[in-house]
Amino acid sequence: MYKLTRQEAADVLNISTRSVDRYIKAWKLRSKKDGKIIYINNNDIESMKNNGLNQEVIIPIKVDKEDREEIIQTKAIQQEKQSEKILTTIYEDLRQEIQKKDDIIQTLSLRLWKAEEIAKNSISLMDFKKSQFLLEESKWYLSWEVENLKKEKSKLAKELKYEKNTNNIMIIFLVLLLILTAVIWFMKIG
């Protein structure tokens with residue numbers, strides 16, 4: 000939309016850059032500044048080029064007063080129509096830009112609302128860090144407890160094995176003692 004520089008616009012219209020500046024100041028050309036470069040609206044350049052806004056109407060010298068007034072009125076009507084066209088295009092362009100900005104504002108408002116909802120439903124950063132710390136601490140404590148239980152299990156397994164061996168030795172000793180008692184008792188009887 001705003002693609003032509005001042006020099007390019009002057010070349011298209013066959014005028015000087017100072018004239019382009021005058022048209023900008025007179026609001027006959029819309030412009031946008033990007034840094035130090037001024038860009039001119041393409042539609043305005045085309046409309047000036049096609050409708051001859053930069054051309055003067057020459058009134059013949061040997062025209063009577065009524066014809067001269069009619070030519071001046073015709074010129075005024077043409078300029079008024081040109082101005083209406085330019086104002087209409089300016090209005091349409093501005094309306095489109097406002098619509099785009101409204102869409103952007105609506106999108107940003109929706110994003111802001113979603114972010115606020117997430118923030119409301121979430122916990123604070125301090126609570127989150129506290130819960131993370133407690134979780135890590137409980138993981139460490141659980142692994143320590145599991146390690147202790149494994150050690151205790153192996154200790155109890157050794158004690159159980161010792162107890163079984165002791166019980167087996169006692170049973171064997173008791174059986175041998177009973178056999179010895181029975182042998183002695185049979186020897187006394189017999």
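Residues in the sequence shown are numbered from 0 upward in steps of one, following numbering that gives the first Met the number 0. Each residue gets a CB set at the ideal place from its N, CA and C atoms; glycine is no exception. Every value quoted in this text rests on a predicted model; they were computed, and no experiment measured them.
Inset, instruction - Going by DSSP, name the residue or residues bridged to L3. - result: Listed as beta-bridge partners of L3 by DSSP are I39.
Inset, instruction - Could you pull the start and end residues of the beta strand (DSSP E) that S30 belongs to? - result: Segment 30-33, the beta strand (DSSP E) holding S30.
Inset, instruction - Leaving aside the five residues before and after I85 along the sequence, list all residues of the same chain whose C-beta is less than 6 angstroms from its C-beta, in chain order. - result: none
Inset, instruction - List the endpoints of the continuous alpha helix (DSSP H) containing I14. - result: Careful: I14 lies outside any alpha helix (DSSP H) and carries neither H nor E.
Inset, instruction - Would you kindly work out how many angstroms separate the C-alpha atoms of K138 and E146, rounded to a whole number? - result: 12 angstroms
Inset, instruction - Spell out whether any CB of chain D is found under 9 angstroms from the CB atom of N42. - result: The chain labelled as chain D is not found in the depicted structure, where only one protein chain is given.
Legend entry - Where A25 falls: helix, strand or coil (DSSP): coil
Inset, instruction - Please say whether N42 and D101 have beta carbons closer to each other than 9 angstroms? - result: Taking C-beta atoms as the reference points, D101 and N42 fail to come closer than 9 angstroms.
Inset, instruction - Could you check the C-alpha separation between I70 and I76 for me, to the nearest Å? - result: Near 10 angstroms, if we compare the C-alpha coordinates of I76 and I70.
Inset, instruction - Measure the alpha-carbon distance for K128 versus E135 and round it to whole angstroms. - result: 10 angstroms
Inset, instruction - Could you work out which residue in L179, K27, E158, I97 is closest to S46 when comparing CA atoms only? - result: Of the candidates L179, K27, E158, I97, the one whose C-alpha sits nearest the C-alpha of S46 is K27.
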